[in-house]
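One rule links them: number in the numbering used here = place in the sequence shown (from 1) + 13. Built from N, CA and C at the ideal position, the CB exists for glycine as well. A quick write-up on the structure given underneath.
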Amino acid sequence: QCPGDILMLSACVRDIKLWNPHFELDVRTSCDIVFDNNPHIIKLKENDPSVRVLDMHYEIVHESNQNMHQHFIHGFIKDFNEQAGCSIKLTQFKPDLHLTKEEKETPVFKNQPEKFVLLNAGGKTDYKTKWWWTSAWKEVVENCPDIQFIQVGKPDKKDTGAGQAVHEVLKCPNVIAKINKTSMRELIRLVYQSVGILSVVTSIMHIAAAFDRHAAVVAAGHEPWWWERYPGHNYFHTIGALECCGLGGCWKKECENKNERGRQKCMEMIDPSQVAAAIRTWF
Numbered sequence: 014q015c016p017g018d019i020l021m022l023s024a025c026v027r028d029i030k031l032w033n034p035h036f037e038l039d040v041r042t043s044c045d046i047v048f049d050n051n052p053h054i055i056k057l058k059e060n061d062p063s064v065r066v067l068d069m070h071y072e073i074v075h076e077s078n079q080n081m082h083q084h085f086i087h088g089f090i091k092d093f094n095e096q097a098g099c100s101i102k103l104t105q106f107k108p109d110l111h112l113t114k115e116e117k118e119t120p121v122f123k124n125q126p127e128k129f130v131l132l133n134a135g136g137k138t139d140y141k142t143k144w145w146w147t148s149a150w151k152e153v154v155e156n157c158p159d160i161q162f163i164q165v166g167k168p169d170k171k172d173t174g175a176g177q178a179v180h181e182v183l184k185c186p187n188v189i190a191k192i193n194k195t196s197m198r199e200l201i202r203l204v205y206q207s208v209g210i211l212s213v214v215t216s217i218m219h220i221a222a223a224f225d226r227h228a229a230v231v232a233a234g235h236e237p238w239w240w241e242r243y244p245g246h247n248y249f250h251t252i253g254a255l256e257c258c259g260l261g262g263c264w265k266k267e268c269e270n271k272n273e274r275g276r277q278k279c280m281e282m283i284d285p286s287q288v289a290a291a292i293r294t295w296f
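Okay, structure coming up:
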């Protein structure tokens with residue numbers, strides 16, 4: 014599962030423990046670093062006969078277009094309740110991340126600006142519907158000349174396989190390029206240390222929510238906004254604007270509704286100047 018999924022699981026773990034303080038919990042995930050310093054988990058052995066192992070999922074995603082009252086963050090909680098026969102409820106509308114005092118206060122990079130926006134201008138090769146083009150990202154940045162951006166992500170390589178993230182460096186005077194320079198834990202710290210983030214729908218928007226940071230999310234029509242959006246985030250979507258995303262997200266890996274320039278119509282409806290205007294209000 015991708016880091017965004019594990020971040021949603023962190024909210025479930027928090028609320029299992031809050032509703033059932035006597036439960037002892039441990040996790041095995043593809044991104045266990047999300048749970049570093051987490052006070053709600055202890056080390057358990059899977060082969061211990063007193064330990065029950067649950068394989069967690071979020072099946073409500075399959076009804077996300079039809080149910081506006083369910084967010085991504087509710088998915089694992091619902092699955093846990095069904096498997097364990099419990100009735101826990103969401104207590105905080107955000108993932109649950111825990112940093113040490115040192116992680117919070119020590120800059121990730123030398124000469125790191127005191128105030129900056131964390132930029133993730135790219136996407137995964139198996140979900141190109143969500144990609145915005147480089148010129149659009151650059152226009153946002155250029156419309157915020159007095160704001161420093163730190164760009165993170167993975168390098169743009171021609172041989173990148175399916176499911177891998179790729180990001181092209183934005184060559185702008187107010188962009189500090191740190192592509193391929195962060196671990197997952199450092200990325201979490203950077204979001205905490207930032208004023209906010211700029212990205213498509215991806216893991217750093219969930220990290221921003223965990224720390225009550227601003228977010229400008231270029232979402233368009235891939236997912237229904239009610240499935241991903243957090244209170245206080247600037248979320249730019251096109252649900253209801255096109256037939257392909259008229260009543261919900263298209264959820265397509267490859268866009269089937271492109272314009273004459275080969276671009277996704279929904280993504281081209283997002284105005285970079287409006288995204289930039291939202292970011293400027295954070296300062």
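Does residue i come out as helix, strand or coil in the three-state DSSP assignment?
i	result
Tyr243	coil
Val26	helix
Asn94	helix
Gln14	coil
Phe85	helix
Ile210	strand
Gln277	strand
Gln287	helix
Ala221	helix
Thr173	Residue placement at Thr173 cannot be trusted, given a pLDDT of 48 that sits under 50; the coordinates are not used to answer.
Val130	strand
Tyr205	helix
Ala254	coil
Trp150	helix
Ile19	helix
Taking its Cβ as the centre, do 16 or more other Cβ atoms sit within 10 Å of residue i, making it buried, or is it exposed?
i	result
Asn133	buried
Leu200	buried
Leu20	buried
Val26	buried
Asp284	exposed
Pro244	exposed
Pro16	buried
Thr294	exposed
Asn247	buried
Gln287	exposed
Arg65	exposed
Asp172	Legend: pLDDT at Asp172 = 45, less than 50; position of this residue unreliable, value from coordinates given subsequently. Exposed, by the Cβ-count rule.
Gln14	exposed
Report, in whole angstroms, the separation of the C-beta atoms of residue i and residue j, which I expect to be a contact under 8 Å.
i	j	result
Asn210	Ala228	Note on identity: in this sequence residue 210 is Ile, with Asn being the wrong assignment. Indeed, because the Cβ distance is near 5 Å, the residues count as touching under 8 Å.
Phe93	Cys99	7 Å
Gly135	His84	In fact, because the Cβ distance is near 25 Å, the residues do not count as touching under 8 Å.
Leu183	Val154	6 Å
Asp18	Ile101	Their Cβ separation, rounded to whole angstroms, is 19 Å, which puts Asp18 and Ile101 out of contact at 8 Å.
Met69	Phe48	Actually they do not touch by this definition, with Cβ atoms about 13 Å apart.
I'd like to check one pair, residue j with residue i: are the Cβ atoms closer than 8 Å?
i	j	result
Ala233	Cys279	yes
Leu255	Asn270	yes
Leu22	Lys30	no
Ile160	Asn187	yes
Ala97	Leu67	yes
With contact counted as at least three CB pairs below 8 Å, one residue from each stretch, are the stretch 204–222 and the stretch 107–121 in contact? They touch, by the three-pair rule.
Please confirm if the stretch 46–61 is in contact with the stretch 70–85, defined as three or more CB-CB distances below 8 Å between the two stretches. Output reads no: the stretch 70–85 does not touch the stretch 46–61.
Touching or not, the stretch 145–158 and the stretch 78–96, by the rule of three or more beta carbon pairs under 8 Å? No, the stretch 145–158 is not in contact with the stretch 78–96.
Between the stretch 233–242 and the stretch 116–127, do at least 3 Cβ pairs fall closer than 8 Å? The stretch 233–242, when compared against the stretch 116–127, does not touch it at the 8 Å Cβ threshold.
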